[in-house]
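As structure tokens, the structure follows; a few thoughts come after it.
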Amino acid sequence: MSGSHARRRGAARTLLRRIALGMGAVAAFGAGAAQAADLLALYRQALVQDPSYAAARASMMAGQEKTVQGRALLLPNVALDANALHNRLEASELDKDYGSHQWTVRLTQPLFRLQNWAAAKQGELQTSLSDLQWAQAQQDVALRLAQAYFDVVAAQEAVAAADELRRAAGEQLQFAKKSFEVGTVTIVDVDEAQSRFDLADAQLIAAQNQLDVAQQALAAIVVDLPQKYAHLRPEVKLRGPDPAPMDPWVEAAQKDNFLVQQAMVSREIAQREVQRRRAGHLPSVDVVAQYGKSKDLSRFPPLQTETVESSQIGVQLTVPLYAGGAIQSQVREGAALLTKSEQDEEYAKRQAVLSARQAYLGLTSGLAQVKALEAALQSSLSNLASTKLGYEVGVRINVDVLNAMAQVADARTRLSRARYDTLMWQLRLKAAVGRLSEEDLAAVNALLAEE
């Protein structure tokens, strides 16, 4: 695990550099919020502005101190004691008041304290744990930002489809009214067209509300929302998982998933805690040294000042004999917590496998759904064109045209949502194996363009 911990700490330092880049991106973004923003720009902005990520960064910085604190338990401890006292001596022949000053410097160097060695190793592991938690936070903010961003652009495309349907339904309504005036259609056709127009109007209102909700969710991550967004280009062909089989992803998730790695480190910390508590039964050996000086100031004859210097150096042995059963109880508690951490690790592995499988199946089925919806949209467009032509020559009725228009709008909305959902499954699959990075967001971002 030590090599893995070192790699994660290196990744943490890389994240610090990314935050610095993000700050520069935010400055540029704030100067031009009216310009189109893409996924990568908002991600770098989120690295600076998202409060949950900032909290994780502060937690990581606090975790770095655990190594220092653990190492301190193995180093010398130096203390200075000093006092100034007023003393009164009462005896049968003499009452005496006098002052005294004393100071002592004391050094203690642990030689054998097994609990300190266990605690020092715990400190290193706790630092590694904080690094892993921060790396997990980076993945989380990337996923949350991508989901919020895709929700906004998908909602915008849904609004555009609903608006187009409403416009087309309005045109069909006006056409039906004119046809009714000249007697070529009945009032039923007008009422049907009016009903579909009102329904399209309601759908547009609902789509606009969904867009507002999505924008507010994005605003919870980044402060300043752009006025324009980059959308997925229509000609883009989404790619499947690489490698294609599911098994490599599942195997990687069991080892590299950040929650699994955190559980593994937590289990090691629990093992060290059991060692530390068991060491409470063992003797401890310290090197002790001290040097001091005391001075008594007499006010009575014979007036004199007595100065005493003292120094000591040696080895001190401490053997615990009885602590009221506290040590045995703490050992039993630590063993139970170790069992808990082992079960937490197993649970984390199973959840990682589940997440990897869900993301893999979501991605592969999403690709198939996108392909099917692309065909459905083309069929719907062809159906609409032929239905309009049939209506013009009198072989189709008004309701057929309205149904065809609604089908086109529905196919467009479903296809848009499916494409963005498939991209999200792609990112989730990378996150399930602990490999989601800024480079992955950049690759997705390259598929986007301003409309």
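Reading the sequence shown from the start, the letters are residues -36 to -1, 1 to 415 in mature numbering (1 follows the signal peptide of the UniProt record, and there is no 0).
Glycine included, C-beta positions come from ideal geometry on N, C-alpha and C.
Just so it is clear, the structure is predicted and the values come from calculations on it, not from any experiment.
Local conformation of residue 254 per DSSP, three classes:
Strand.
Report buried or exposed for residue 148, applying the criterion of at least 16 other Cβ atoms within 10 angstroms of its Cβ.
The residue in question, residue 148, is exposed, as its Cβ has fewer than 16 Cβ neighbours within 10 Å.
Unbroken stretches of the beta strand (DSSP E), 3 residues or longer, contained in the segment 265 to 339
Segments of the beta strand (DSSP E) lying fully in the segment 265 to 339: 269 to 282.
Excluding the five sequence neighbours on either side, which residues of its own chain have a C-beta within less than 7 angstroms of the C-beta of residue 30, listed in chain order?
Closer than 7 angstroms at Cβ, skipping near neighbours: 87, 90 and 91.
Are the CB atoms of residue 14 and residue 117 within a distance shorter than 9 angstroms?
No, Cβ-Cβ distance for residue 117 and residue 14 is not below 9 angstroms.
In whole angstroms, give me the CA-to-CA distance for residue -4 and residue 194.
For residue -4, the predicted structure reports a pLDDT of 41, less than 50, and the residue's modelled location is therefore unreliable. The matter cannot be settled from this model.
Report the option in 399, 358, 396 and 389 whose CA atom is closest to the CA atom of residue 143.
A check of alpha carbon separations from residue 143 across 399, 358, 396 and 389 identifies 358 as the nearest.
Per DSSP, what kind of secondary structure is residue 416 in: helix, strand or coil?
In the structure displayed, the chain extends from -36 to 415; residue 416 sits before or after that span and is not available.
Going by other Cβ atoms of all chains shown within 10 Å of its Cβ, with 16 needed for buried, is residue 49 buried or exposed?
By the 10 Å Cβ count, residue 49 comes out exposed.
Can you look up residue 221 in the DSSP assignment and give me helix, strand or coil?
Three-state DSSP puts residue 221 in coil, outside helix and strand.
Could you please give the first and the last residue of the uninterrupted beta strand (DSSP E) stretch that includes residue 19?
Note, residue 19: premise wrong, no beta strand (DSSP E); alpha helix (DSSP H) at 15 to 36.
Which of helix, strand or coil DSSP assigns to residue 415
Three-state result, residue 415: coil.
Between which residues of its own chain and residue 318 is the CB-CB distance below 8 angstroms, once the five residues before and five after are set aside?
Excluding five sequence positions before and after residue 318, none of the CB atoms of its chain fall closer than 8 angstroms to its own CB.
How long is the line joining the alpha carbons of residue 416 and residue 293, rounded to whole angstroms?
An answer regarding residue 416 cannot be provided, because it is not within the stretch -36 to 415 covered by the chain.
Short check: CB of residue 189 to CB of residue 183, under 9 angstroms?
Yes.
Cα-Cα separation, residue 228 to residue 309:
Residue 228 and residue 309 have their alpha carbons spaced roughly 6 angstroms apart.
Please name the residue in 125, 303, 397 and 413 whose C-alpha comes closest to that of residue 206.
That would be 397, whose Cα lies nearest to the Cα of residue 206.
Taking the alpha helix (DSSP H) that residue 78 belongs to, which residues open and close that run?
DSSP places residue 78 inside the alpha helix (DSSP H), whose first and last residues are 78 to 145.
Would the segment 360 to 377 and the segment 336 to 350 be scored as touching if the rule is three or more Cβ pairs under 8 angstroms?
Contact holds: three or more Cβ-Cβ distances are below 8 angstroms.
Is DSSP giving residue 232 helix, strand or coil here?
In this structure, DSSP gives residue 232 a helical state, which the three-state scheme calls helix.
Which two residues bound the contiguous beta strand (DSSP E) that contains residue 39?
That residue, residue 39, is in no beta strand (DSSP E); it is neither H nor E in DSSP.
Length of the line joining the Cα atoms of residue 335 and residue 383
Residue 335 and residue 383: Cα-Cα distance of roughly 10 angstroms.
Taking residue 26 as the reference, which of 97, 52 and 65 has the closest Cα?
Ranking the options by Cα distance to residue 26, first place goes to 97.
Could you please give the first and the last residue of the uninterrupted alpha helix (DSSP H) stretch that includes residue 196?
No alpha helix (DSSP H) holds residue 196; the beta strand (DSSP E) holding it covers 192 to 196.
Is it the case that the segment 69 to 79 contacts the segment 39 to 46, given that we only count it when at least three CB pairs across the two stretches are under 8 angstroms?
Result yes; three or more Cβ-Cβ pairs closer than 8 angstroms.
Could you tell me the alpha carbon to alpha carbon distance between residue 305 and residue 94, rounded to whole angstroms?
Here the alpha carbon of residue 305 sits roughly 17 angstroms from the alpha carbon of residue 94.
Per DSSP, which one or two residues make a beta bridge with residue 422?
With the chain covering -36 to 415 only, the question about residue 422 has no answer from this structure.
Can you say whether residue 281 is buried or exposed, counting buried as having 16 or more other CB atoms within 10 angstroms of its CB?
Label assigned to residue 281: exposed.
Could you round the C-beta distance between residue 75 and residue 251 to whole angstroms and report it? I think they count as a contact, below 8 angstroms.
Right, their Cβ atoms sit about 6 angstroms apart.
Sufficient close CB pairs (3 or more, under 8 angstroms) joining the segment 209 to 217 to the segment 392 to 409
Verdict: yes, contact present.
Three-state class that DSSP yields for residue 207 in the structure shown:
Coil.
Cα separation between residue 240 and residue 249?
C-alpha separation (whole angstroms): 16 angstroms.
Taking only three categories from DSSP, how would you classify residue 72?
Strand, per DSSP.
Should residue 385 be labelled buried (16 or more other beta-carbon atoms within 10 Å of its own) or exposed?
Classification of residue 385: buried, given that the 10 Å Cβ count is 16 or more.
Skipping 5 residues on each side, what residues in its chain have a beta carbon closer than 7 angstroms to that of residue 37?
Spatial neighbours of residue 37 in its own chain (CB-CB distance under 7 angstroms, excluding positions within 5 residues in sequence) are listed in chain order as 80, 83 and 84.
Run through DSSP, which three-state label would residue 248 get?
Three-state result, residue 248: strand.
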